[in-house]
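Novice: Here the UniProt record's numbering is used: the first residue of the sequence shown is 1, the next is one more, and so on.
Virtual Cβ for every residue (Gly too), placed ideally from N, Cα, C.
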Amino acid sequence: IKERGTINMGHRESSVPFAYIGSDGKPIGYSIDLCMKVIDAVKKEIGVSNLRINYVPVTSQTRIALMANGTIDIECGSTTNNLTRQKQVDYLPVTFITGTKIASKKGSGITEIEDLDGKTIGLSLGTTNEKAVKREAARLGIKIRTIMVKDHPQGWLALESGRADAYASDHVLLYGLISKSKNPSQFQVTGRFLSYDPYGIMVPRNDSTYRRIGIVTIADLMRSGEAKQIYDKWFNPGPTKINMPISDTLRVAFQIQALPH
């Protein structure tokens, strides 16, 4: 990073309110704000105040590969930290906790995954949601047709147009999609959580010095209360109109991860 004078930031384009494209064409969101704090700390550590940021759009299918092959240095989006992915990449402390739920049209009669037996669901390739829905359908012995999509807008379009009866994603992302849709009052997020998805900023594996800068930065933000302020900026109700006060689980996660110096 120091040699090239550039940090390559991988970011999602439509993961509202974590990372999405703002009106000026640049990525904005909760994860972007946290990443910028980490990048500021990197600038200070390496002594390059004019470090350039190269924005690299990523999808659920490409993000891990692009981190593993060195194309991106930090990934700012809505990425679950799990043990399988840790074989290829590393993570900074958990900054959000969510899980898989289902969005459908009101009046469709769909409230739980069982109601999708014989129906069609949209799933994003390479997500924990895809695995969660398929695993639960197999456990219940129900048959659900799937439409595989490359990103959230494609999945939401399948639901809006009627090609899919439901779309599965992390519950907070579904609320984000509803808030940005043409007719928000037509849609609902229902049912039990089908997975546990703690989000973290993704960084390269086996770079302990770089990762420590990120861990210290996030821990400091959590200890000072600034992480909560950044959360409130995007969720209470924030520019995306998502009214989601911080959960007790996430509040405790912030407290536990606010490591002392």
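Are the region 138-148 and the region 108-127 in contact at 8 Å, needing three or more beta carbon pairs?
Specialist: Output reads yes: the region 108-127 touches the region 138-148.
Novice: Please report how far the alpha carbon of aspartate 90 lies from the alpha carbon of glycine 107, in whole angstroms.
Specialist: Numbered from its first residue, the sequence shown carries residue 90 at position 90. Numbered from its first residue, the sequence shown carries residue 107 at position 107. Straight-line Cα distance between these residues: approximately 42 Å.
Novice: Report all residues from its chain with a CB closer than 7 Å to the CB of alanine 164; omit the five preceding and five following residues, and keep chain order.
Specialist: Against the sequence shown, residue 164 aligns to sequence position 164. Excluding residues within five positions, the ones whose Cβ falls inside 7 Å are Thr120, Ile121, Gly122, Ile147, Ala158.
Novice: Report yes or no: do three or more beta-carbon pairs, one from the region 232-250 and one from the region 164-184, lie closer than 8 Å?
Specialist: The region 232-250 is in contact with the region 164-184.
Novice: As a quick exercise: from Val58, Lys43, Gly70, pick the residue whose alpha carbon is nearest that of threonine 79.
Specialist: Here residue 79 refers to the residue found at position 79 when the sequence shown is read from its first residue. Nearest of Val58, Lys43, Gly70 to threonine 79, Cα basis: Val58.
Novice: Candidates His152, Arg205, Asn183, Gly162: which alpha carbon is nearest alanine 168's?
Specialist: Here residue 168 refers to the residue found at position 168 of the sequence shown. Taking only the C-alpha atoms, the option nearest alanine 168 is His152.
Novice: Alpha carbons only, please: which of Ala65, Glu112, Met36, Thr62 is nearest the one belonging to arginine 52?
Specialist: Start at 1 with the first residue of the sequence shown, and residue 52 comes out as number 52. Closest by alpha carbon: Met36.
Novice: Closest by CA to isoleucine 1, which one among Ile46, Leu92, Pro184?
Specialist: Residue mapping note: residue 1 aligns to position 1 of the sequence shown, counting from 1. Nearest of Ile46, Leu92, Pro184 to isoleucine 1, Cα basis: Ile46.
Novice: Candidates Gly25, Tyr20, Leu173: which alpha carbon is nearest lysine 101's?
Specialist: Start at 1 with the first residue of the sequence shown, and residue 101 comes out as number 101. Answer by Cα proximity: Leu173.
Novice: Hey, does lysine 101 have any beta-carbon neighbour from chain C nearer than 9 Å?
Specialist: Looking for chain C here will not work: only one protein chain is present.
Novice: Considering only DSSP beta bridges, list what glutamine 188 is partnered with.
Specialist: Indexing the sequence shown from 1 puts residue 188 at position 188. Answer by DSSP bridge pairing, in chain order: Ser104.
Novice: Have a look at Met202, Ser161, Ala253 and flag the residue whose alpha-carbon is nearest the alpha-carbon of leucine 83.
Specialist: Indexing the sequence shown from 1 puts residue 83 at position 83. Cα-wise, what sits closest to leucine 83 is Met202.
Novice: On the DSSP letters alone, give me the boundaries of the alpha helix (DSSP H) that proline 57 sits inside.
Specialist: Mapped onto the sequence shown, residue 57 falls at position 57. Premise fails: proline 57 lies in the beta strand (DSSP E), 52-57, not in any alpha helix (DSSP H).
Novice: For arginine 205 and arginine 139, I'd like the C-alpha separation in whole angstroms.
Specialist: Locating residue 205 in the sequence shown gives position 205, counting from the first residue. Locating residue 139 in the sequence shown gives position 139, counting from the first residue. Roughly 34 Å between the two C-alpha positions.
Novice: Counting pairs of beta carbons, one from the region 221-236 and one from the region 22-36, are three or more of them closer than 8 Å?
Specialist: yes
Novice: Taking valine 172 as part of the alpha helix (DSSP H), name the residues at either end of that continuous run.
Specialist: Along the sequence shown, one-based indexing puts residue 172 at 172. Residues 171-180.
Novice: Is it buried or exposed for threonine 111, if we count other Cβ within 10 angstroms and need 16 for buried?
Specialist: Locating residue 111 in the sequence shown gives position 111, counting from the first residue. It counts as exposed.
Novice: Report the CB separation of asparagine 8 from aspartate 73 in whole angstroms; it is logged as a contact under 8 Å.
Specialist: Position 8 of the sequence shown, counted from the start, is the residue given in the question as residue 8. Position 73 of the sequence shown, counted from the start, is the residue given in the question as residue 73. Sure, about 5 Å apart at Cβ, within 8 Å.
Novice: Give the straight-line distance between the Cα atoms of valine 189 and serine 195, rounded to the nearest whole angstrom.
Specialist: The count along the sequence shown starts at 1 and reaches residue 189 at position 189. The count along the sequence shown starts at 1 and reaches residue 195 at position 195. So the two alpha carbons sit approximately 15 Å from each other.
Novice: Measure how close the beta-carbons of alanine 68 and glutamine 86 come, nearest whole angstrom, since I'm counting them as under 8 Å.
Specialist: The sequence position of residue 68 within the sequence shown is 68, counting from 1. The sequence position of residue 86 within the sequence shown is 86, counting from 1. About 12 Å separates the two Cβ atoms, so there is no contact after all.
Novice: For a test of the three-state rule: what should DSSP assign to tyrosine 210, helix, strand or coil?
Specialist: Along the sequence shown, read from residue 1 onward, the residue named residue 210 stands at position 210. Helix.
Novice: With a cut-off of 8 Å on the beta carbons, I'd call phenylalanine 96 and tyrosine 199 a contact; round off their distance for me.
Specialist: Working through the sequence shown from its first residue, we reach residue 96 at position 96. Working through the sequence shown from its first residue, we reach residue 199 at position 199. About 4 Å separates the two Cβ atoms, so the contact holds.
Novice: What span of residues does the beta strand (DSSP E) with asparagine 183 cover, start to end?
Specialist: Counting from one through the sequence shown, the residue named residue 183 turns up at place 183. Neither: asparagine 183 is in no beta strand (DSSP E) and is coded neither H nor E.
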